[in-house]
Amino acid sequence: MRNRILIVCLGNICRSPLAQGIFESYVTEKDILIDSAATSNYHQNASPDHRSIKVGLKHNIDITSQRSRQIKASDFYDFNEIYAVDQSVFETLLKLAPKKEFKHKVKMIDNRDVHDPYYGNEDDFEAVFQHLDSCIQKLIS
Ligand code: 4NP
487 MRNRILIVCL GNICRSPLAQ GIFESYVTEK DILIDSAATS NYHQNASPDH
537 RSIKVGLKHN IDITSQRSRQ IKASDFYDFN EIYAVDQSVF ETLLKLAPKK
587 EFKHKVKMID NRDVHDPYYG NEDDFEAVFQ HLDSCIQKLI S
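Last residue of the sequence shown: 627 (the numbering used here), numbering continuous.
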């Protein structure tokens, strides 16, 4: 079966779009689908944050075509792995799972939180990029 991976953060404009772009840059197999979503509905259909776009482009990753969306019940059926970027998102996802048997699909992308850079500066976005890049490399290996 096709491996389907969903990466989730709070707004789907800063961390998870970058995570999606980084993941896609490492995956060459066509049978892996990667997508990202938000727990909130704060930024429905918005482009990624300009600071995430900028740090991505600096590392040759173009996330400009992504649009924010909120996670929906069907995602728990459709994806086989759902990665939270931090503990708060992880706990929200466990509550949102429409069936108990889907809770095992929900995992942390790393054993420490990928810090929310929304109220931060460019350096915070670079730190998020580096953190995501290293934990995604670990996941793939
Ligand atoms: P993200 O960052 O969860 O990495 O997309 C945030 C984006 C927006 C907000 C918080 C975090 N917000 O409060 O609007």
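C-beta atoms are modelled at their ideal positions from N, C-alpha and C, and glycine is treated no differently.
| Asked | Found |
| --- | --- |
| Beta-carbon proximity check, His601 vs Val592, cutoff 8 Å | no |
| Length at least 3, wholly inside the region 543-609: the beta strand (DSSP E) runs in chain order | 567-570 and 592-594 |
| Coil, strand or helix - Val494 by DSSP | strand |
| For Ile539, the three-state DSSP class (helix, strand or coil) | helix |
| Touch test, the region 508-521 against the region 585-599, Cβ-Cβ under 8 Å, three pairs minimum | no |
| Validate contact between the region 534-550 and the region 496-507 using beta carbons, cut 8 Å, 3 pairs | yes |
| Contact under 8 Å by Cβ, Ile557 with Ala523 | yes |
| Through-space distance from His617 to Asp610, alpha-carbon basis | 10 Å |
| Span separating the alpha-carbon of Thr550 from that of Ala532 | 10 Å |
| Residue of Ser538, Phe562 and Asp561 minimising C-alpha distance to Gln552 | Ser538 |
| Outcome for Asp572 when other beta-carbon atoms lying within 10 angstroms are tallied against a minimum of 16 | buried |
| C-beta contact flag for Val494 and Ile568 at 8 Å | yes |
| Residues bridged to Ile520 (per DSSP) | Ile491 |
| Arg501 Cβ short of 7 Å to ligand 1 heavy atom set | yes |
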